[in-house]
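Worksheet: one structure, shown below.
In full-length UniProt numbering, the protein residues as written are 1 to 328.
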């Protein structure tokens, strides 16, 4: 059986007033309950049976097909044969930026975009894996524990997964044997193709620090997997003596600062503020923390406490700042 995961799923069915055990950031608990009710209603419009798990997901089961004359307009019969877990984290972040009267439309559009998946099940294996596979950074917690066991994370809480994209819908391929590859071969192919993706880059200058902002693609943060290529071909920097600062708060954003002098300190402040805020509010959260990268070694640039008021530079970055101060 094809072992694939859609990154975003959809709707479900649930009591009129769903019990919400915790809020979906950045929404309040009341807003979360409202969003769940809208999602349940949208699922019903598509003929879906669903259950809310009380926290952050809707569980859809195959709809029972009725006589054509009784089907609601736009109803689907699930083609994947089993339960679909429809995460609400990204949907909560999408609607949070909009006024509440817009939420029903946004939720309905969310279900419509995923209609093909609901109707036919996951896409088939890629016809040309050597051309179509891309490596994608994904939260380890979003993957089946049986699949992640024993795998080395790229960063704490993040794994690289072979994926394909079609009209904005990303599918992660957890069993490359479906298309005749081992997991290592699929990931190697995905990395090679990831190196060929173009970047959209803008620059932010603050207090003497220049920060490259790469965006415009849901694979922007995944380009951190091929950082040497990004530095060489996009930022025109090769083997920077003092390394670079990197943040990848959400899938669609990659922040880079090339370390040359004490502007590294304001760069950390700007990047940390932007990364923490984006990670908390935008769809596709990865990690809010900044890393100092030298060669192929990634190290935290700051401590990572639960209390954000207690963030400090790591000893490594403090030592780097002392070295740079002698160059002033």
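The C-beta atom is built at its ideal place from N, Cα and C for all residues, glycine as well.
With a threshold of 7 Å on Cβ separation, who are the neighbours of residue i within its own chain once the five nearest residues in sequence on each side are excluded?
| i | result |
| --- | --- |
| residue 154 | 137, 160, 225 |
| residue 316 | 292, 299 |
If I measure Cβ to Cβ from residue i and keep anything under 6 Å in the same chain, skipping five residues before and after, which residues do I get?
| i | result |
| --- | --- |
| residue 218 | 251, 252 |
| residue 19 | 54 |
Going by C-alpha to C-alpha distance, which of the options sits closest to residue i?
| i | options | result |
| --- | --- | --- |
| residue 394 | 212, 221, 22 | The structure shown does not extend to residue 394, since the chain spans only 1 to 328, so no value can be given for it. |
| residue 323 | 26, 241, 101 | 241 |
| residue 165 | 109, 298, 128, 185 | 128 |
| residue 318 | 310, 262, 130, 142 | 262 |
| residue 305 | 276, 29, 98, 56 | 276 |
| residue 100 | 30, 45, 141 | 30 |
| residue 148 | 173, 180, 216, 84 | 173 |
Ignore the nearest five residues each way along the sequence and tell me which others in residue i's own chain have a CB closer than 8 Å to its CB.
| i | result |
| --- | --- |
| residue 196 | none |
| residue 38 | 103, 104, 107 |
| residue 312 | 302, 303 |
| residue 182 | 176 |
Tell me whether the beta-carbon of residue i lies closer than 8 Å to the beta-carbon of residue j.
| i | j | result |
| --- | --- | --- |
| residue 205 | residue 266 | no |
| residue 249 | residue 279 | yes |
| residue 259 | residue 245 | yes |
| residue 162 | residue 135 | yes |
| residue 48 | residue 35 | no |
| residue 58 | residue 52 | yes |
| residue 92 | residue 169 | no |
| residue 187 | residue 222 | no |
| residue 96 | residue 281 | yes |
According to the neighbour-count rule (16 or more other Cβ atoms, all chains shown, within 10 Å of its Cβ), is residue i buried or exposed?
| i | result |
| --- | --- |
| residue 42 | buried |
| residue 257 | buried |
| residue 307 | exposed |
| residue 86 | buried |
| residue 146 | exposed |
| residue 50 | buried |
| residue 190 | buried |
| residue 133 | buried |
With a cut-off of 8 Å on the beta carbons, I'd call residue i and residue j a contact; round off their distance for me.
| i | j | result |
| --- | --- | --- |
| residue 287 | residue 301 | Actually they do not touch by this definition, with Cβ atoms about 12 Å apart. |
| residue 171 | residue 199 | Not quite, the Cβ-Cβ distance comes to about 23 Å (not below 8 Å), so this is no contact. |
| residue 214 | residue 151 | About 26 Å; that fails the 8 Å criterion. |
| residue 88 | residue 112 | That belief does not hold up - the Cβ atoms of residue 88 and residue 112 are roughly 17 Å apart, past 8 Å. |
| residue 144 | residue 158 | The Cβ separation is near 16 Å, so there is no contact. |
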